[in-house]
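Take a look at the structure below.
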Amino acid sequence: MTTTGKVRVATIWLSGCSGCHMSFLDQDERLIDLAQKIQLVYSPIADIKQFPENVDVTLIEGALANEEQLAMLKTARARSKILISLGDCAVTGNVTALRNAWHRSDQEVLERAYLDKSDLNPQRPDQVPKLLVKARPLHEAVKVDFFIPGCPPSADLINYVLTELLAGRTPNMEGRSKYG
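Residue 157 in our numbering sits at position 149 of the sequence shown; the count goes up by one each step and never skips.
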């Protein structure tokens, strides 16, 4: 916690669609209650460049698909007390892991994505982080403390997990579907 007594929370977006972050924002007026209890110290919805030290809770959306993301995930794990896989891509690999069935090199994957399937002005970006051999769920690379399933998970389920953690309780996920 910070000197203000607020819980330090971070969110990260890896290889996914940002739907989990949209569900986070869909908490609507409950965000006002959360804002009184948390300090958002890193997120794609805030302009913070470096992942900080001493984070209480980190929610990570998206599968692990490239070396840059692997480094970010390891940094987040090392600097976070609680790490949460947010959404089906983070929990299982989901849509991002569909490329795993297409047994090709990373260059062939990039060629297919940026050149073969482009209808207008096909070109490969100058700098793309080196792809991992397979897209993977987060728990295959680091210890994950909690899993919030769903594609995307409901705002109610995200809010439940956060409010339980903020109250010092362990969220009971038994019987909770991805729809809250």
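Glycine is no exception: its CB is placed at the ideal position from the N, C-alpha and C atoms.
What do you get for V63, buried or exposed, if any count of 16 or more other CB atoms within 10 angstroms of its CB means buried?
buried
Determine whether the beta carbon atoms of I20 and L78 lie at a separation below 9 Å.
no
Among A98, R87, R85, nearest to G158 - alpha-carbon criterion:
A98
With a floor of 3 residues, list each beta strand (DSSP E) that falls wholly inside the segment 19-94, ordered by position along the chain.
46-50, 63-69, 72-74, 88-94
What's the call for G188, buried or exposed, on a 16-neighbour Cβ count within 10 Å?
Residue confidence is low: G188 scores 42 on pLDDT, short of 50, so the model does not pin down where it sits. Its coordinate-derived value is still stated next. It counts as exposed.
Along the chain, where does the beta strand (DSSP E) containing L123 start, and where does it finish?
Run containing L123: none; DSSP gives neither H nor E here.
Give the DSSP bridge partners of L198, in chain order.
Residue numbering for the chain in the displayed model covers 9 to 188; residue 198 lies beyond these limits and cannot be assessed.
For the alpha helix (DSSP H) containing D164, name the first residue and the last one.
163-174
Beta-carbon within less than 6 Å of K186's beta-carbon, same chain only, minus the 5 sequence neighbours each way: which residues are those?
With a pLDDT of 47 at K186, under the threshold of 50, the modelled position of that residue is not reliable, and no figure is offered here.
Since D127 is in the alpha helix (DSSP H), which residue starts that stretch and which ends it?
Careful: D127 lies outside any alpha helix (DSSP H) and carries neither H nor E.
From the DSSP output, in three-state form, read off V15 for me.
strand
Whole angstroms is fine: what's the gap from D124's alpha carbon to A109's?
18 Å
Check whether the Cβ atoms of L173 and V65 lie closer than 9 Å to each other.
yes
Once the 5 residues before and after E76 are set aside, which same chain residues still bring their CB inside 7 Å of it?
P137
8 Å contact criterion, which L91 and V152 should meet: CB distance rounded
6 Å
Same chain only: Cβ atoms within 7 Å of C28, ignoring 5 sequence neighbours per side:
E69, L94, G95, P160, P161
Less than 9 Å between the beta carbons of K14 and I40, yes or no?
no
Given I83 as reference, the closest of L67, G101, F59, K89 once Cα atoms are compared:
Just to set this straight, residue 83 is Thr in the shown sequence, not Ile. Ranking the options by Cα distance to T83, first place goes to F59.
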